[in-house]
Every structure is written in C-alpha cells, then in structure tokens.
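Participant: Here the protein sequences line up with chains F and U, keeping their order.
Each residue of the first sequence is one higher than the one before, counting from 1 in this note's numbering.
Each residue of the second sequence is one higher than the one before, counting from 105 in this note's numbering.
Built from N, CA and C at the ideal position, the CB exists for glycine as well.
There are 2 protein chains.
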Amino acid sequence: MDMTETFKALSNPTRLQILMWLKDPEANFPEQGGHPGVPDELKGGVCVGSIRDKAGISQSTASQYLDVLQRCGLLLSERHGKWTYFRRNEEAIAELAEFVGGEL
Amino acid sequence: MDMTETFKALSNPTRLQILMWLKDPEANFPEQGGHPGVPDELKGGVCVGSIRDKAGISQSTASQYLDVLQRCGLLLSERHGKWTYFRRNEEAIAELAEFVGGEL
DNA sequence: ACATCATATCGTAATACTGCGATATGTCAG
DNA sequence: CTGACATATCGCAGTATTACGATATGATGT
C-alpha cells in the first residue's frame, strides 16, 4: 500500500467526502437499492450515478475520482449488470489508520 | 485542522519522510546539538540545514517543505539565533490519527 | 440487430505542484 | 558596520492535477 498515493487521493475534498459518505450508504444514498436483481452481497455498494448526483460533479469526474480511490486501495468495485458498485475497503482503511497512529 | 491540506502535505514522499525522521531526531540527525547556546527546550528540534542534508534537497526546497508541514499544523517551528528548529506537533498528529481511525 | 442506459476513457484548458537557482532577510562575530 | 552564515522568499520551467464535454465501451431489453 503506497501511503503517498493514498494521501494524495485523500487530499481532494470531494474524494474525502465520498469515502465518508460510503461509511453509511443507506443513509447517504437512499435511492440505492432500486436496481433490478441486485444480490444481497452488493448491499452497501453504491453506483457511480448516485455518487455523481450526491457530489454534484460530472459523470466523467465521478468515474475518475472513484478510480483514484480504488487504485490506491481505499475502495473496492464490482460490476453487476449496467452498474459498477463501489464500497469501502475497510481493511485498507484500517491499515491506513494503523500507519497514521503508529509509524507516522 | 484542514484534513485535506494535511493529506496534501503528506502526499509528497520527502515530506512524509521528514515527518517520520523527526520521530527520532537524535538517531536521524546526530549532528544536531552542535549549535552554540541551544537551550534544553529545543532538544528534539532540528534545523533546516540538517534536514536539507539528510533529504538531499536544495535549501529553498527544504525551507518550503518545512513551511508546508508547519502550515497544516504537523510541525512546530521556533527560531533561535541563526537557526529555525522544527519539531513534530504530536497533538496535531494525534488528532489526525483520531480522524483517520474514527471519522474517516 | 438496435436503441438505451450506465460507466469508462479520451482530449482539453485552467490551475496547482515541484524543485531549483537567485536573491532578500535576519542574526551573530569581530 | 561589515562579512559570514542560516533561513526565507521570489521567479521560473517542467510536470501533474482538476474537472469537464465528447466519445467509446459494455450491458440490457425489445
């Protein structure tokens, strides 16, 4: 895990906000869940469009931001049908917390 | 404390390294302490020149990097005579750790 | 196959960061 | 006051980031 890349990803206010919104997807993205045939294991995952709407950014920017957060490991993505669901990678976030709380 | 600014400061490998070196100043900057008339309360503070040498960067870059780390609160500085001594702001670092370990 | 919807990727102009040398400011010794 | 030293600030060229619209890819339903 490249800490420098991770900090860079978090240095953008919108990306930081997205990561925090994803702590409580059901509260922050209530419209999520209306997708046809979404299996239970994707509960907690949020699609790009919902994040785009909530953050008030363009579709391409939303996709790019989510990619940045995924590349550094903070988010996990899974495509299901037309949608790509993003959710927090709690392991990576815990690793980051350990680093900041210990080695830093 | 602006977390976004703090993460940006840490997104540079050299700045991150400097902050970690300052965890153990006596081990990482053994030449520090040869300054005339340095009072005890500055023990643990390291001057710009020492950091410049250790990091292998120019004097202006060292000064600028330390300024970035100080502006976001991660470092504290104190001028004494010709030298400016920088040391970690453990309170701010603890606050950051709490944020990453809790709110993030 | 085709139209539609969701997302990804490309190309871009504006803006910010990087790291340096040159120069200015501040401090001490003589 | 002057010279030497430590640090701060300025100006700059190279590079990266930002955020977008346009376009491409991929999936679904008819």
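Going along the region 42 to 56 of chain F in order, which residues come within less than 9 angstroms of chain U, judged by CB to CB distance?
Facilitator: Residues: none.
Participant: Quick check: the Cα distance between T188/U and L76/F, rounded to an integer number of angstroms?
Facilitator: If you number the second sequence from 1, residue 188/U lands on position 84. If you number the first sequence from 1, residue 76/F lands on position 76. Approximately 44 angstroms, taken between the alpha carbons.
Participant: Applying the criterion that 16 or more other CB atoms from any shown protein chain within 10 Å of the CB defines a buried residue, is Q64/F buried or exposed?
Facilitator: Taking the first residue of the first sequence as position 1, residue 64/F is located at position 64. So Q64/F counts as exposed.
Participant: Could you tell me if I163/U is buried or exposed, where buried requires 16 or more neighbouring beta carbons within 10 angstroms of its beta carbon?
Facilitator: As a first step, residue 163/U is located in the second sequence; it is residue number 59 there, counting from the start. Note that residue 163/U is Gln in the sequence shown, not Ile. It counts as exposed.
Participant: Three-state secondary structure (DSSP) at E78/F?
Facilitator: Residue 78/F sits at position 78 when you count from the first residue of the first sequence. Strand, per DSSP.
Participant: In the DSSP assignment, what residue or residues form a beta bridge with V46/F?
Facilitator: Here residue 46/F refers to the residue found at position 46 when the first sequence is read from its first residue. For V46/F, which the question treats as bridged, DSSP gives the partners F86/F.
Participant: Which residues, in order along the region 190 to 208 of chain U, keep a beta-carbon less than 9 angstroms from a beta-carbon of chain F?
Facilitator: Residues passing the 9 angstroms Cβ filter: I197, A198, L200, A201, E202, F203, V204, G205, G206, E207, L208.
Participant: Identify which residue in R156/U, K186/U, N116/U, L173/U has its Cα closest to the Cα of A196/U.
Facilitator: Residue 196/U sits at position 92 when you count from the first residue of the second sequence. Answer by Cα proximity: L173/U.
Participant: If we ignore side chains and look at the alpha-carbon of each, how far apart do I155/U and G148/U end up?
Facilitator: Residue numbering aside, residue 155/U sits at position 51 when the second sequence is read from its first letter. Residue numbering aside, residue 148/U sits at position 44 when the second sequence is read from its first letter. Computed Cα separation, rounded: 13 angstroms.
Participant: Please classify L173/U: does DSSP put it in a helix, a strand, or coil?
Facilitator: For the purposes of this step, residue 173/U is identified with residue 69 of the second sequence, where counting begins at 1. Note: L173/U maps to helix in three-state DSSP.
Participant: For the alpha helix (DSSP H) holding M124/U, just list the boundary residues, first then last.
Facilitator: Locating residue 124/U in the second sequence gives position 20, where the first residue counts as 1. Counting along the chain, the alpha helix (DSSP H) containing M124/U begins and ends at 117 to 125.
Participant: Answer yes or no: does any C-beta atom of chain F fall closer than 8 angstroms to that of M105/U?
Facilitator: Taking the second sequence and counting its residues from 1, one reaches residue 105/U at position 1. No, M105/U lies away from the interface with chain F (no Cβ there is under 8 angstroms from its Cβ).
Participant: Tell me whether the beta-carbon of M20/F lies closer than 8 angstroms to the beta-carbon of L208/U.
Facilitator: Position 20 of the first sequence, counted from the start, is the residue given in the question as residue 20/F. Position 104 of the second sequence, counted from the start, is the residue given in the question as residue 208/U. Cβ atoms of M20/F and L208/U: closer than 8 angstroms.
Participant: Indicate the three-state DSSP secondary structure (helix, strand or coil) for D53/F in the structure shown.
Facilitator: In the first sequence, the residue the question calls residue 53/F occupies position 53. It is helical.
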